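Student: Numbering (the working numbering), first residue to last: 18 to 312.
Note that the Cβ used here is the ideal one computed from N, Cα and C, for glycine as well.
No experiment lies behind these values; they were computed from the predicted model shown.
What follows is a structure written as structure tokens; I'll ask about it next.
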């Protein structure tokens with residue numbers, strides 16, 4: 018089967034886990050991992066698995082433009098702002114796993130087919146990937162006037178990038194709640210829990226709605242949870258939604274697949290799973306266009 022080539026910029030936890038997920042893809046061919054730290058576990062693993070590795074950051078793509086059609090950026094929000102300009106000039110699709118919010122927000126279960134012809138897409142945040150689908154599901158039948166999400170993750174699953182991007186997390190997730198979830202007003206909170214043993218990712222979604230229909234809301238939530246579960250198997254509702262007056266509260270838990278991260282790091286796993294799913298949607302789209310031209 019014909020595949021589209023892809024590479025990863027960023028050899029930390031996110032980039033490394035993404036490598037394992039892309040290996041299972043039927044339409045993505047990972048060619049290289051790019052970083053700057055020669056002692057990186059991710060780069061060492063990539064090299065052991067036969068991928069090309071580079072230690073000079075974005076310059077590697079400048080030097081080897083044929084490395085990839087799709088570039089996953091797993092660095093940081095500030096770094097991606099610089100990378101985005103280079104990648105757009107080179108005509109590469111940039112899938113941004115940082116909270117830089119340079120391109121349109123994408124959540125595969127909600128709008129994964131909407132931005133297949135743009136040069137840069139943003140996957141919002143882990144909290145956004147976990148909670149915004151539920152906000153969108155509730156809004157689709159009940160019209161959400163206010164949505165607040167609280168993402169609680171194990172402190173051990175919050176690496177340097179997560180800690181450095183806390184401000185971007187809250188701002189970008191709020192924007193995603195409003196722009197993709199379609200709530201009139203949104204708010205996002207993240208909590209790093211130092212409990213031992215480490216907890217799984219847990220998210221609380223609180224919505225105030227204008228049109229309360231408990232059965233329709235519950236049905237819409239269940240349907241959306243199943244959509245997310247198709248590419249994040251450890252995604253699940255902890256219990257039935259709680260209804261009180263015009264308020265709906267939903268509790269989510271996300272267990273990781275254990276590819277590279279421990280299973281408690283569902284917050285990281287959901288980002289790499291979403292990136293893989295969107296890239297596959299893009300690849301199928303591009304391959305269909307190529308086939309149409311050849312007919």
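Under the assumption that residue 78 contacts residue 107 (Cβ atoms under 8 Å), give the Cβ distance between them as a whole number of angstroms.
Tutor: Correct: roughly 7 Å between the Cβ atoms.
Student: Residue 88 to residue 234, Cα distance in whole Å?
Tutor: Each residue's alpha carbon lies about 37 Å from the other.
Student: In three-state DSSP terms, what is residue 221?
Tutor: Residue state, collapsed to three classes: strand.
Student: According to DSSP, is residue 254 part of a helix, a strand, or is it coil?
Tutor: Residue 254: strand per DSSP, three-state reduction.
Student: Rounding to the nearest angstrom, what Cα-Cα distance links residue 260 and residue 167 in this structure?
Tutor: So the two alpha carbons sit approximately 18 Å from each other.
Student: Ordered along the chain, which non-local residues of its own chain (more than five positions away) have a Cβ less than 7 Å from that of residue 230?
Tutor: 158 and 159.
Student: Taking only heavy atoms of the ligand NAP into account, decide whether any of them is closer than 7 Å to the Cβ of residue 62.
Tutor: Summarising the ligand content, the structure contains no ligands, and the ligand NAP is consequently not present.
Student: So does the segment 33–52 actually touch the segment 183–194, counting three or more Cβ pairs closer than 8 Å?
Tutor: No, the segment 33–52 is not in contact with the segment 183–194.
Student: Exposed or buried, residue 67, counting other C-beta atoms within 10 Å across all chains shown (16 or more means buried)?
Tutor: Flag for residue 67 reads exposed.
Student: Output the residue ranges of the alpha helix (DSSP H) runs that lie fully inside the segment 99–145 and measure 4 residues or longer, sorted by chain position.
Tutor: Listed in chain order, they are 125–128.
Student: Using a threshold of 8 Å, state whether the C-beta atoms of residue 293 and residue 60 are closer than that.
Tutor: No.
Student: Which whole-angstrom value is the C-beta distance of residue 298 and residue 129, which I expect to be below 8 Å?
Tutor: That belief holds up - the Cβ atoms of residue 298 and residue 129 are roughly 5 Å apart, short of 8 Å.
Student: Identify whether residue 210 lies in helix, strand or coil by the three-state DSSP scheme.
Tutor: Correct three-state label for residue 210: strand.
Student: With distance defined between alpha-carbon atoms, name the residue in 215, 117, 32 and 240 nearest to residue 184.
Tutor: That would be 117, whose Cα lies nearest to the Cα of residue 184.
Student: Once DSSP output is grouped into helix, strand and coil, what is the label at residue 40?
Tutor: It is coil, neither helix nor strand.
Student: So for residue 291, helix, strand or coil by DSSP?
Tutor: Helix at residue 291.
Student: Any idea what DSSP makes of residue 34, helix, strand or coil?
Tutor: Here residue 34 sits in helix by DSSP.
Student: Three Cβ pairs or more, each shorter than 8 Å: is that satisfied between the segment 254–271 and the segment 204–221?
Tutor: In short, these stretches touch, since the Cβ pair count reaches three.
Student: Tell me, please, whether the segment 200–209 touches the segment 168–179 by the rule of three or more beta-carbon pairs shorter than 8 Å.
Tutor: Yes, the segment 200–209 touches the segment 168–179.
Student: How far does the beta strand (DSSP E) with residue 50 in it reach, from first residue to last?
Tutor: Residue 50 -> beta strand (DSSP E) spans 45–51.
Student: Tell me residue 203's beta-bridge partners as DSSP assigns them.
Tutor: DSSP output for residue 203 lists 164 as bridge partner(s).
Student: Does the distance from the C-beta atom of residue 32 to that of residue 101 stay below 8 Å?
Tutor: No, they are not a contact pair.
Student: In the DSSP assignment, find the unbroken alpha helix (DSSP H) run with residue 21 in it and report its ends.
Tutor: Looking at the DSSP string, residue 21 is not in any alpha helix (DSSP H); the run it does join, the beta strand (DSSP E), is 21–26.
Student: Would the segment 134–142 count as touching the segment 244–264 if we require 3 or more Cβ pairs under 8 Å?
Tutor: Result no; under three Cβ-Cβ pairs closer than 8 Å.
Student: To which residues does DSSP link residue 172 through a beta bridge?
Tutor: Partner(s): none; residue 172 has no beta bridge.
Student: Classify residue 97 as buried or exposed, calling it buried when 16 or more other Cβ atoms lie within 10 Å of its own Cβ.
Tutor: Under this definition residue 97 is a buried residue.
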